[in-house]
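Mapping of the sequence shown onto the numbering used here: residues 478 to 639, in sequence order.
Data first, discussion second: the structure below is written as structure tokens.
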Amino acid sequence: MESDARGWFEREGLLRYSAFGDGTNDVVEDERMPLTALGPHDDDFVLAPNPDHTDYPGKPMREMSMEEYNTFMYRWFEAAVHAGDIRCVNCGKLIRDDDDLPDADTWDAIFIEKELVAWMVVHFDCKKQLPKKLKGMHPFELNPRDPPVYDLSRADVPIESD
Ligand SMILES: [Zn+2]
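Quick look at the structure:
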């Protein structure tokens with residue numbers, strides 16, 4: 478199952494590689510899958526979820542475009558926020574689940590594609606501090622867990638235009 482996700486992430490250029498010597502003449506290549514942050518700490522990182530494991534009513538992952546995967550991730554974050562599992566990646570406060578949030582609690586899901594490839598949730602007011610927070614975060618120093626699994630069978634999927 479994981480190999481399906483890996484193939485898709487590879488196709489989209491979202492894997493990161495590191496080559497290092499192993500003390501002999503061989504060079505070992507290591508790779509990292511894209512991540513999802515459930516909070517501000519290194520141990521809050523999990524692997525990016527596979528839509529095929531969530532009963533998501535959209536396309537199977539292998540047929541998704543990047544935009545379709547981003548839509549899935551937004552729905553996944555909504556479920557995670559509803560479950561009380563998500564903290565702001567900057568300030569660490571619990572992200573609240575409410576239709577009518579005060580300004581200070583409004584949040585957005587964002588995608589970072591640098592050396593670190595990760596989806597995360599941040600308060601609007603915390604976005605400015607985010608580059609500083611993420612500076613120096615390196616995928617090869619993180620040990621992501623498997624993502625929590627949510628039932629997204631009732632998620633809204635936009636009508637496809639193609
Ligand atoms: Zn925040």
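Idealized CB from N, CA, C, for every residue including glycine.
Every value quoted in this text rests on a predicted model; they were computed, and no experiment measured them.
Note the first and the last residue of the continuous beta strand (DSSP E) segment covering His600.
-> Counting along the chain, His600 sits inside the beta strand (DSSP E) bounded by residues Val594 to His600.
Excluding the five sequence neighbours on either side, which residues of its own chain have a C-beta within less than 6 Å of the C-beta of Asp521, listed in chain order?
-> Annotation for Asp521: Ala514 and Leu515 place their beta carbon closer than 6 Å to its own, counting only its chain and skipping 5 residues before and after.
heavy atom of ligand 1 below 7 Å from Val599 C-beta | Checking the Cβ of Val599 against ligand 1 gives yes.
Once you ignore the five residues that flank Arg635 on each side, which residues in its own chain have a CB closer than 8 Å to its CB?
-> Before going on, a small fix: residue 635 reads as Pro here, not Arg. The beta carbon of Pro635 is closer than 8 Å to those of Thr548 in its chain, skipping five residues each way along the sequence.
Check each candidate in Leu593, Ala586, Ala496 and Leu619 and name the one with the smallest Cα separation from Lys604.
-> The residue with the shortest Cα to Cα distance from Lys604 is Ala586.
Specify the secondary structure class of Gly484 as computed by DSSP and reduced to three states.
-> Three-state result, Gly484: helix.
If you follow the alpha helix (DSSP H) that Ala551 is part of, which residue opens it and which one closes it?
-> At residue 551 the sequence reads Tyr, which differs from the Ala that was named. Per DSSP, the unbroken alpha helix (DSSP H) holding Tyr551 starts and ends at Met543 to His559.
Just to check, is the beta-carbon of Asn567 closer than 7 Å to a non-hydrogen atom of ligand 1?
-> The beta carbon of Asn567 sits closer than 7 Å to at least one heavy atom of ligand 1.
If we count Cβ pairs, one from each stretch, closer than 8 Å, do we get three or more for the region 553–564 versus the region 590–602?
-> Short answer: they touch.
Going by alpha carbons, who is nearest to Met550 out of Phe588, Thr501 and Lys609?
-> Measuring C-alpha to C-alpha distances from Met550 to each of Phe588, Thr501 and Lys609 identifies Phe588 as the nearest.
Is the region 534–541 close to the region 571–579, with three or more CB pairs under 8 Å?
-> The region 534–541 is not in contact with the region 571–579.
Glu508 in three-state terms, based on DSSP | Residue state for Glu508 is assigned as strand, using DSSP reduced to three classes.
Exposed or buried, what is Glu479 when buried is set at 16 or more other beta-carbons lying within 10 Å of its beta-carbon?
-> Bear in mind that the predicted position of Glu479 carries a pLDDT of just 49, short of 50, making it too unreliable to give a figure here.
By Cβ distance, which residues of its chain are closer than 6 Å to Arg573, with the 5 residues on each side in sequence left out?
-> Correct list, in chain order: Asp582.
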